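All you need for the working numbering is the position in the sequence shown, starting with 1, plus 605.
A virtual CB, placed ideally from N, CA and C, is assigned to each residue, including glycine.
Here the structure is a predicted model, which is why all the values come from computation and not from measurement.
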Amino acid sequence: MADTDNREEHRSVMREWGHKPAAASPPVVGSDYRQARDRQIVRASIVGIVANVVLAAAKLVVGLFTQSIAFLLDAVNSLTDVFSSVVTIIGAKLASMRPSRSHPYGYGRVEYVTSIVIAAIILAAGVVSLRESVVKIIHPSEPDYTAVALLVMAVTAGVKVVVGVYFKRKGAAINAQPITASGVDALYDALLTAGTVASGLFCLVSHVDIDGWVGAVVSLFIIKAGLGVLRDAISTIIGERPDPALVHGIKTCVNDHEGVMGVYDLFLDSFGPNNYMASLNIAVPDDYTAHQIHDLCRHITEEVRDCYCCTLTVGIYAANSTGDYVPIREKLMAEVAKHPEVVQVHGFYVDSDSRTVDFDIVVDFHCDAEPVRAAIVGAMKEAYPHYNFTVVLDSDFIE
């Protein structure tokens, strides 16, 4: 009974040092979700194709009728959005392909490449619009605006706003960068159309043509949007900090298994949306047998795989189940408290036979970790000269 109480007390301490479980995990993300997500990407893209074909046709008719370069460029821009939606569908299909011998981690990162293609389309549309607007400024021509034409264009701008908001919400809901990028593109298209309508109204009232100037300003906004989409796609490919909700869910899932005293060192590598490979370390009592550890790790990896589409490797920290090492631990925590750059301490274990103390420290990225490690080890050796201290410096990969 005393041994059980000791383990529960130590489990509480380990939780304070590292993982603090929350009340609930985020929604489960399994293979059925991935299939449903692919269908939603295709469905949203088809909506975009239909909407943009209709809008391009309406803008083309108005542009030819009024001889407005801004209206004609707007029509071309809507046609490029059709191409963006086609690229998104192709990308979703390629990303959902089964892993192969040449690409054993799957093709999920194709989605990020798709976002780069869409960014290139947005940038090309912005550059072409800017060029034509500059030509219009240098060689102005009197457009033939009518109230009906401007009304049609205002309606298309409203439709484009609806499409853009739909894409952005859908992209955020299913974590689909290409859909989100298409939403950004659609909203800037609406801005372009609104600017064109505004210049048309100004021309009707004042008989001064500012069509080219408005087109140039809006073109710069479109180029800025394209650079933003490109930046986000490249940042994802380089590798970003994992989603805190996903980290929280995996750690909570693992920590809830009987025998786990703490969850540490979670490393996540994404091979596409909802396709992860990960490793982490768990603390277990040092009197656990290999059979117990085997069963525990097997249950953990299976649950994480089924819930989060994540292939997980589990490492082991031994946690003292006997012996009174509270003074050493308290001294360590007192020294760590002197260094606010230390994010976490874990993996604490005292081997009484070799008189060795093991622990890991996580230091903030903005600091030089080695002097911090040396200062802590020096203080510990001064307090406990008969012990050796083995310290591993871990990176601050997750929240």
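Rounded C-alpha distance that separates G775 from T798: Here residue 775 is taken as the residue at index 170 of the sequence shown, counted from 1. Here residue 798 is taken as the residue at index 193 of the sequence shown, counted from 1. Note that residue 775 is Lys in the sequence shown, not Gly. Going by the C-alpha atoms only, they are around 23 Å apart.
Three or more C-beta pairs below 8 Å linking the region 760-770 and the region 836-843: Segments in contact, no.
Burial state of E863, where buried means 16 or more other Cβ atoms lie within 10 Å: Along the sequence shown, read from residue 1 onward, the residue named residue 863 stands at position 258. Classification for E863: exposed.
C-beta contact flag for V968 and A974 at 7 Å: Translated into the one-based positions of the sequence shown, residue 968 becomes position 363. Translated into the one-based positions of the sequence shown, residue 974 becomes position 369. Taking 7 Å as the cut-off, the Cβ atoms of V968 and A974 count as close.
Classification of V767 by the beta-carbon crowding that lies within 10 angstroms, buried from 16 upward: Stepping through the sequence shown from its first residue, residue 767 is reached at position 162. A residue is called buried when at least 16 other Cβ atoms come within 10 angstroms of its Cβ; V767 does not meet this threshold and is exposed.
7 Å Cβ cutoff met for I742 and P847: By 1-based counting over the sequence shown, the position of residue 742 is 137. By 1-based counting over the sequence shown, the position of residue 847 is 242. No, these two residues do not count as a Cβ contact at 7 Å.
G928 - containing beta strand (DSSP E), residue span: Residue numbering aside, residue 928 sits at position 323 when the sequence shown is read from its first letter. No beta strand (DSSP E) contains G928, which DSSP labels as neither H nor E.
Proximity to G788 [Cα-Cα], best of S650, Y930, D958: By one-based count along the sequence shown, residue 788 stands at place 183. Nearest C-alpha to G788: S650.
Proximal residues to F807 (C-beta, below 8 Å), its chain only, five neighbours per side dropped: For this step, residue 807 is matched to residue 202 along the sequence shown. If we look at F807 and ignore the five residues flanking it on each side, its Cβ neighbours are V813, I815.
C-beta atoms of A663 and V810 nearer than 7 Å: Residue numbering aside, residue 663 sits at position 58 when the sequence shown is read from its first letter. Residue numbering aside, residue 810 sits at position 205 when the sequence shown is read from its first letter. Contact flag unset, no.
M702 versus H944, F876, F688, residue with shortest Cα-Cα distance: The sequence position of residue 702 within the sequence shown is 97, counting from 1. When each option's Cα is compared against that of M702, the closest is F876.
Collapsed DSSP secondary structure at H853 in the structure displayed: Taking the first residue of the sequence shown as 1, we reach residue 853 at position 248. H853: helix per DSSP, three-state reduction.
For A924, the residue or residues it bridges with in DSSP: Translated into positions along the sequence shown, residue 924 becomes position 319. Under DSSP, A924 takes part in a beta bridge, and its partners are P890.
Buried or exposed by the 16-neighbour rule on C-beta atoms within 10 Å, applied to V931: Position 326 of the sequence shown, counted from the first residue, corresponds to residue 931. Classification of V931: exposed, given that the 10 Å Cβ count is below 16.
C-alpha gap between R1076 and A697, whole angstroms: As shown, the chain starts at 606 and ends at 1004. That puts residue 1076 outside it, with no answer to give.
CB of N880 within 7 Å of CB of G713, strictly: As a working note, residue 880 is residue 275 in the sequence shown. As a working note, residue 713 is residue 108 in the sequence shown. Yes, the Cβ-Cβ distance between N880 and G713 is below 7 Å.
Euclidean distance between Cα positions of I898 and G920: Mapped onto the sequence shown, residue 898 falls at position 293. Mapped onto the sequence shown, residue 920 falls at position 315. Those two C-alpha atoms are separated by around 10 Å.
Range covered by the alpha helix (DSSP H) that runs through Q897: Residue numbering aside, residue 897 sits at position 292 when the sequence shown is read from its first letter. That run of the alpha helix (DSSP H) goes 895-913.
Nonlocal neighbours in the same chain, by C-beta distance under 6 Å from Y992, ignoring five residues either side: On the sequence shown, position 387 is the one that residue 992 refers to. The residues are R960, V962.
CB of V977 within 7 Å of CB of H944, strictly: Here residue 977 refers to the residue found at position 372 of the sequence shown. Here residue 944 refers to the residue found at position 339 of the sequence shown. Yes.
Top-ranked residue by Cα proximity to V823, from R642, T801, H744: If you number the sequence shown from 1, residue 823 lands on position 218. Selected option, being the one with the closest Cα: T801.
Separation of Y710 from I905, as counted between CA atoms: Taking the first residue of the sequence shown as 1, we reach residue 905 at position 300. Taking the first residue of the sequence shown as 1, we reach residue 710 at position 105. Inter-residue distance for I905 and Y710 is about 21 Å (C-alpha atoms, whole angstroms).
Exposure of D907, with buried meaning 16 or more beta-carbon neighbours within 10 Å: By one-based count along the sequence shown, residue 907 stands at place 302. It should be pointed out that residue 907 corresponds to Glu in this sequence rather than to Asp. Of the residues assessed, E907 falls on the exposed side of the cut-off, its CB having fewer than 16 other CB atoms within 10 angstroms.
A730 to A803 span [Cα, whole Å]: Here residue 730 refers to the residue found at position 125 of the sequence shown. Here residue 803 refers to the residue found at position 198 of the sequence shown. Taking the straight line from one Cα to the other gives about 20 Å.
Own chain residues within Cβ distance below 6 Å of V941, not counting five before or after: Counted from its first residue, the sequence shown places residue 941 at position 336. Excluding sequence neighbours, V941 sits near V947, V950.
Cβ pair L885, D870 closer than 7 Å: Within the sequence shown, numbered from 1, the residue matching residue 885 stands at position 280. Within the sequence shown, numbered from 1, the residue matching residue 870 stands at position 265. Yes, the Cβ-Cβ distance between L885 and D870 is below 7 Å.
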